[in-house]
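Peer 1: Read in this note's numbering, the sequence shown has 20 at position 20, and its numbers run on one by one without any break.
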Amino acid sequence: MKDWWLARTPSEQRTLLLGGLGLLAVLIWALAIDPLLQQRVQLRDERDALLQSVAQAKADAEAVVALRQGNISATVGARPGRSLLALSDASAREAGLANSLTRVEPINDRRVRVWLEGASFDQIATWLERLQQSESVDTTELAVDRALAPGLVDARITLEAR
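#1: Just to confirm, are ALA59 and SER83 a CB contact at a threshold of 8 Å?
#2: Bridge partners of SER120, per DSSP?
#3: So within the segment 92 to 143, which uninterrupted beta strand (DSSP E) runs reach at least 3 residues, ignoring any that extend past its ends?
#4: For GLY77 and ILE124, I'd like the C-alpha separation in whole angstroms.
#5: Can you say whether ILE28 is buried or exposed, counting buried as having 16 or more other CB atoms within 10 angstroms of its CB?
#6: Taking the alpha-carbon positions, what's the LEU67 to ALA149 distance?
#7: From ASP111 to ILE33, what does the alpha carbon distance come to, in whole angstroms?
#8: Whose CA, out of ALA92, LEU51 and LEU37, lies closest to the CA of VAL137?
#9: If you drop the 5 nearest sequence neighbours on each side, which residues of the same chain put their C-beta closer than 6 Å to that of ASP154?
#10: Given a cut-off of 8 Å on the beta-carbon distance, is the pair LEU85 and GLU135 in contact?
#11: Tell me which same chain residues have a C-beta within less than 7 Å of the C-beta of ALA25, skipping the five on either side of it?
#12: Looking only at C-alpha atoms, which of PRO106, PHE121 and LEU128 sits nearest to VAL54?
#13: For THR140, which residues of its own chain have a beta-carbon under 8 Å away from its beta-carbon, when the five flanking residues on both sides are left out?
#14: In angstroms, rounded to a whole number, what distance separates the CA positions of VAL114 and ALA63?
#15: Are the CB atoms of ALA90 and ARG130 nearer to each other than 8 Å?
#16: Could you check how far apart the C-beta atoms of GLY165 and SER120 are, in whole angstroms? I think they sit under 8 Å.
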């Protein structure tokens, strides 16, 4: 290899050296720097999404605390600016399902899942109908099991805002 290098003219040696350095720079960029920059952008986007989720969760938690403290007027009313989580919790309580409501879990900003145990089937049907007609909320999934007492059911409901 040394004999081959020495057989090259000085201008060929400079050209080969500069080409090798250029190739090394391209390899470093392609294999190290560019992937790191892409990962940095991805992590920044993920961080922004998480911060937005935290802000929404704090707002929803404040609405639930206000509802549980009896401050229903603070959150009940027109839907604009109100999360589906707060709306579903408040409306279920207004429909007389407070004692049966065991869990309300957000799936995303447009969908929530609600669990009811030992609830009146008629009250659930009336509540879901009201949500659909006056709040533009559709029932996308409904699983109902018979409870111990007649007329009472255990239900898992997925609600979606239109």
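Don't be surprised by glycine CBs; every beta carbon is placed ideally from N, CA and C.
Here the structure is a predicted model, which means the values were calculated and not measured.
Peer 2: Quick look at the numbers:
#1: Counting from 1 along the sequence shown, the entry for residue 59 is found at position 59. Counting from 1 along the sequence shown, the entry for residue 83 is found at position 83. Yes, the pair counts as a contact, with Cβ atoms nearer than the cut-off.
#2: Here residue 120 is taken as the residue at index 120 of the sequence shown, counted from 1. Bridge partners of SER120: LEU152.
#3: Unbroken beta strand (DSSP E) runs of no fewer than 3 residues, entirely contained in the segment 92 to 143, are found at 101 to 108 and 111 to 120, following chain order.
#4: Within the sequence shown, the letter at position 77 stands for residue 77. Within the sequence shown, the letter at position 124 stands for residue 124. Model confidence at GLY77 stands at a pLDDT of 41, short of 50, so the residue's coordinates are unreliable; what they give is reported in the following sentence. Looking at the two C-alpha atoms, the distance is approximately 20 Å.
#5: The sequence position of residue 28 within the sequence shown is 28, counting from 1. Label assigned to ILE28: exposed.
#6: Reading the sequence shown from its first residue, position 67 is the one you call residue 67. Reading the sequence shown from its first residue, position 149 is the one you call residue 149. LEU67 and ALA149: Cα-Cα distance of roughly 29 Å.
#7: Taking the first residue of the sequence shown as 1, we reach residue 111 at position 111. Taking the first residue of the sequence shown as 1, we reach residue 33 at position 33. The amino acid occupying residue 111 in the given sequence is Arg; Asp does not appear at that position. Looking at the two C-alpha atoms, the distance is approximately 40 Å.
#8: For this step, residue 137 is matched to residue 137 along the sequence shown. Looking at ALA92, LEU51 and LEU37, the one whose alpha-carbon comes closest to that of VAL137 is ALA92.
#9: Against the sequence shown, residue 154 aligns to sequence position 154. Hits under 6 Å: GLU117, ASP145 and ALA147.
#10: Counting from one through the sequence shown, the residue named residue 85 turns up at place 85. Counting from one through the sequence shown, the residue named residue 135 turns up at place 135. Not closer than 8 Å, so no.
#11: Looking up residue 25 in the sequence shown gives position 25. Counting only Cβ-Cβ distances below 7 Å, and skipping sequence neighbours, we find nothing.
#12: As a position in the sequence shown, residue 54 is number 54, starting the count at 1. Checking every option, the nearest Cα to that of VAL54 belongs to PRO106.
#13: Here residue 140 refers to the residue found at position 140 when the sequence shown is read from its first residue. Leaving aside the five residues that flank THR140 on each side, the residues in its chain whose CB is nearer than 8 Å to its CB run, in chain order, ARG111, THR158, LEU159 and GLU160.
#14: Residue 114 sits at position 114 when you count from the first residue of the sequence shown. Residue 63 sits at position 63 when you count from the first residue of the sequence shown. Near 16 Å, if we compare the C-alpha coordinates of ALA63 and VAL114.
#15: Numbered from 1 along the sequence shown, position 90 holds the residue referred to as residue 90. Numbered from 1 along the sequence shown, position 130 holds the residue referred to as residue 130. Cβ distance not < 8 Å, so ALA90 and ARG130 don't count as in contact.
#16: The chain is shown only over 1 to 162; residue 165 falls outside these bounds and no answer can be derived.
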